[in-house]
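Participant:
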Amino acid sequence: MTHAPPPSPPHAPPPARTPSLAIEPLVAAHADALFAPLADPRLYAYLSAPPPASVDALRAWIARVEHGRSADGAERWLNWLVRHRDDGAIVGTLQATVRRDGCADVAYMVVVAQQQRGFGRQALAWLVEHLASDPDVRRLRATVDPRNVASLALLRGAGFAVVAEVAGDPGDVVLARAP
C-alpha cells in the first residue's frame, strides 16, 4: 500500500527512507491516525508526560512544533512520523531539539504494535546520520529513565554512552555521543 504524506511546511525536515521505514515530517494532519497508537499507556511507563488527552490536544501540540522553532528562536524543532514502507502502518515518532550550543536532544517513540522488530534501531540510526550532516549539531544527547532497559540498549547500540546520572526517584540517565 502506498501512502502519500500530507504536504510539509517549507521549513520542515526532509522526508527519508530506510530499508523498512518511511520517515516524513510530522504535521497536524497526522493527529487523527497517530492518536490511538500514541494513547497507549504502556508507551508512557518510563516517561513523565502523560499520553495525549485527545486528538485535538495532539493536533494542537503538533501544530505548535511543526513550525520548527521555539517562540524565542533558541531551539530548532525537528519532528518526524515513522511509518512502515510496505503498508504505511505507523511505527512511531522521532524528535530532535537542536539548541544554540550545538547540542541536539534526541527522542523517539516506537508504538507498542511495532516494538521488538528492529524499527527503533533503524529509525535512530537514520536520525543520527541525519543530524551528523547538520553543521549546527556538535553533540547528540538523550535522557532516559534508568528502568527503561530497552531504550538504554538501543542508545548504547547507536554509539551513545552514559555521561551523567540525575538523582531522583527513579532519576534519569543522560547519554551522549558525537554526531
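Numbering (my numbering), first residue to last: 399 to 577.
All residues carry an ideal CB built from backbone N, CA and C; glycine is no exception.
Since we're looking at a predicted model, the values are computed, not measured.
I'd like the list of long-range same chain contacts for arginine 462, defined as Cβ closer than 7 Å, with 5 residues on each side in sequence excluded.
Facilitator: Along the sequence shown, read from residue 1 onward, the residue named residue 462 stands at position 64. Answer for arginine 462: no residue qualifies.
Participant: Indicate whether the contact test is met: 3 or more Cβ pairs, each with one atom in the region 422 to 439 and one in the region 507 to 516, closer than 8 Å.
Facilitator: Yes, since at least three Cβ pairs between the region 422 to 439 and the region 507 to 516 fall closer than 8 Å, the two stretches touch.
Participant: Which residues does DSSP list as the beta-bridge partners of tyrosine 442?
Facilitator: The residue labelled residue 442 in the question sits at position 44 within the sequence shown. The partner list for tyrosine 442 (beta bridge, DSSP) is empty, contrary to what the question assumes.
Participant: According to DSSP, what are the bridge partners of glutamine 493?
Facilitator: Taking the sequence shown and counting its residues from 1, the one referred to as residue 493 is at position 95. Answer is Asn477, Ala505, bridged to glutamine 493.
Participant: So, using beta-carbon positions, are leucine 419 and arginine 483 closer together than 7 Å?
Facilitator: Here residue 419 refers to the residue found at position 21 of the sequence shown. Here residue 483 refers to the residue found at position 85 of the sequence shown. For leucine 419 and arginine 483, yes; Cβs fall inside 7 Å.
Participant: Contact defined as beta carbons within less than 8 Å: I believe glycine 555 pairs with arginine 515. What is the distance between those atoms, to the nearest angstrom?
Facilitator: To locate residue 555, count along the sequence shown from 1; it is residue 157. To locate residue 515, count along the sequence shown from 1; it is residue 117. The Cβ separation is near 15 Å, so there is no contact.
Participant: Using a 10 Å radius around the Cβ and a threshold of 16 neighbouring Cβ atoms, would you call alanine 429 buried or exposed?
Facilitator: Sequence index remark: in the sequence shown, residue 429 carries index 31 (1-based). The residue is buried, with at least 16 neighbouring Cβ atoms inside 10 Å.
Participant: Determine the burial state of leucine 579: buried for a count of at least 16 other Cβ atoms within 10 Å of its Cβ, exposed for fewer.
Facilitator: The displayed coordinates of the chain run from 399 to 577. Any statement about residue 579 would go beyond what the structure contains.
Participant: Can you have a look at glycine 500 and say buried or exposed, based on whether 16 or more other CB atoms are within 10 angstroms of its CB?
Facilitator: On the sequence shown, position 102 is the one that residue 500 refers to. Label assigned to glycine 500: exposed.
Participant: Take every Cβ of the region 553 to 567, pair it with every Cβ of the region 444 to 459, and state whether three or more of those distances are shorter than 8 Å.
Facilitator: At 8 Å Cβ cutoff, the stretches do not touch.
Participant: Please name the residue in Val571, Pro577, Arg575 whose C-alpha comes closest to that of valine 547.
Facilitator: The residue labelled residue 547 in the question sits at position 149 within the sequence shown. The shortest C-alpha separation from valine 547 is found at Val571.
Participant: What residue from Asn477, Ala574, Ser549, Pro450 has the CA that sits closest to alanine 434's CA?
Facilitator: Against the sequence shown, residue 434 aligns to sequence position 36. When each option's Cα is compared against that of alanine 434, the closest is Pro450.
Participant: Straight-line CA distance for methionine 345 to leucine 445?
Facilitator: The first residue shown for the chain is 399 and the last is 577, placing residue 345 beyond what the model contains.
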